[in-house]
Structures are given as structure tokens and as C-alpha cells.
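In terms of the numbering used here, the sequence shown opens at residue 1337 and continues consecutively.
Notes to accompany the following structure.
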Amino acid sequence: MPASALTQITFHSIAGLRLGVKNPRYVFEFLTFVVFIKPKRGMASITVHDHQFKTYIASKDVQKRVKELAVKITEDHRDDVPLFIAVLNGAFRFASDLMSYYNGEAEITFIRLASYTGTKSSGKVRELASLNTDIKGRRVIILEDIVDTGRTIEHLMEALKIHEPADIKVASLLLKPEAYTGSYPIDYCGFEIPNLFVLGYGLDYDGLGRNLNDIYQINQ
Ligand code: IMP
Ligand code: MG
């Protein structure tokens, strides 16, 4: 809609609040404003710490995609009991929903790694809680919230391979292909996204935002 039309409708809408009682035309324009111009529910802009974020992937689309990934992983592991290794903290929601949609026998365990400080990768992967499950001969699927540079996955792959699992695959809800410099394939990827900081659905910005159900992208 051209800016002039928007201004006109906005003006009439405000005017309509006062004149609507006398002139039905203004009532119509006021309703047009409310229905079409008002931001849609869920397409919100939020502030977390010092940054603004806008809705990027709606919760229902996240759920739909997680379900699709779970169906595919179930099909690919029909004759096995795979072991999911979820990377805390970020992957806790993805792991939980994926498990709930997984239609077969599966186990899950957790590892806690960190590589991000604020909105930037620190370049180093710190191991905060290590694996306490025997993975020898198991079909392992790493669950990540997001693969960015790929350092976390690289670190994890090297650490897990020593324990001789039958196979290691990677499932990540999000992937930033422009930032990824790793050599391991991301076997199950929910969404490929641009190289911009995101939060929500487990992903945080300095501790906040994990509880949001939609995924938000930083405003540039
Ligand atoms: P990588 O080691 O560079 O691939 O980074 C992976 C980890 O950094 C993820 O598991 C996240 O915890 C964190 N991370 C990377 N990108 C983002 C982002 O856009 N928002 C929030 N956390 C991120
Ligand atoms: Mg993570």
C-alpha cells in the first residue's frame, strides 16, 4: 500500500474515532485500519537486553518442521534404538519436542557445551558437563539448536568418535550455511537461515529468550 494511502487511512481512522458517530464512512475507514494496518498477532517486535528482535519463524512452523524431522529420523532408525545426545542448554526444547514426535524406541542423554558470548561466537568450545553414557556400538544422533561456525559439532564429533559408536549423525533445528566452515554433513536440518543472530525456542541472548515459542531474528 502506498505511503500516502496509509497516511490518509491513518488520519481518517484517528478522525474516525471522533467523527464516526456522525459519518458512517469514517467508521468504515476506522475498521479498515484496525483489521488491515494493525500489526498481525504474533508478528511482534521485542527488546531483549540492548537489542531489538522481530518474529522470524512462527511457533506452528517450528512444530511442523520438528515433527517432519522426527518422522524422517524414525524411518531411518526403524531397526535400531538410537541414542540422542542433546547439546544443552540451547537444544532442550528441540530435543523435548523431537522426542515427543519420535515414533519408536529411543534413548536420550545430555552434554553441556558453550561457545557463545552475547551475540558472537567466542571461537572456543567449553565443555560444562560431559557425557556419562556408554556409546560404544550405538547409533548416535546429536541434537543441536543451531549450527553456526560448526566448531561445537566438530568438537563433539572428535570427542564422541573415540568411544567407537556405530554411527554418528547430526540433527540441527537451524543452520547458518554462510557461517558454517565445518566438514561434517548436517544430516537432518530444520531450517537454513541467514547469518544473523536469532533467539527463542531454547536459543538465548545472554540467558534470556529461551522461553519464547516463536524464533526471533535480530533487527539490523
Ligand atoms: P558454533 O559452534 O559456532 O556452530 O555455534 C553453535 C552454538 O552457538 C549453538 O549451539 C548455540 O548455542 C550458539 N549460537 C550460534 N548461533 C546462535 C544464534 O544466532 N543465537 C543464539 N545462539 C547461537
Ligand atoms: Mg547449542
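Note that beta-carbon positions come from the ideal geometry of N, C-alpha and C, so glycine has one too.
These numbers were taken from a predicted model, which means no experiment stands behind them.
- By the 16-neighbour rule on beta-carbons within 10 angstroms, V1506 is buried.
- Looking from the CA of G1440, the closest CA among K1408, R1462, L1467 and R1448 belongs to K1408.
- Look at G1543: its beta carbon is at least 7 Å from all of the heavy atoms in ligand 1.
- A Cβ-Cβ separation of about 6 Å places I1482 in contact with S1508 under the 8 Å criterion.
- Around ligand 2, the residues whose beta-carbon falls short of 5 Å from at least one of its heavy atoms are V1423, G1426 and D1481, given in chain order.
- Excluding residues up to 5 positions away in sequence, L1419 lie with their Cβ nearer than 6 Å to the Cβ of E1443 in the same chain.
- Beyond the five residues adjoining it in sequence on each side, C1525 comes within less than 7 Å, by CB distance, of S1508 and L1511 in the same chain, given in chain order.
- Cβ-Cβ distances below 6 Å link T1469 to T1445 in the same chain, with the five nearest sequence neighbours on each side left out; the list follows chain order.
- The C-beta distance from Y1520 to I1471 rounds to 16 Å, too long to meet the 8 Å contact threshold.
- Contact between G1538 and F1428 holds, since their C-beta atoms are separated by about 6 Å, short of 8 Å.
- With fewer than 16 neighbouring CB atoms inside 10 Å of its own CB, G1454 falls in the exposed class.
- The beta carbon of K1497 lies closer than 8 Å to those of I1504 in the same chain, with the five residues before and after it left out.
- Of the candidates H1499, A1515 and I1478, I1478 places its Cα closest to the Cα of V1423.
- CA-CA distance, V1417 to S1381, rounds to 42 Å.
- Per DSSP, reduced to three states, the secondary structure at S1432 is helical.
- Counting along the chain, no beta strand (DSSP E) covers H1491; the unbroken alpha helix (DSSP H) around it starts and ends at R1487 to K1497.
- Linking R1462 to V1476 through their CA atoms gives a straight-line distance of about 21 Å.
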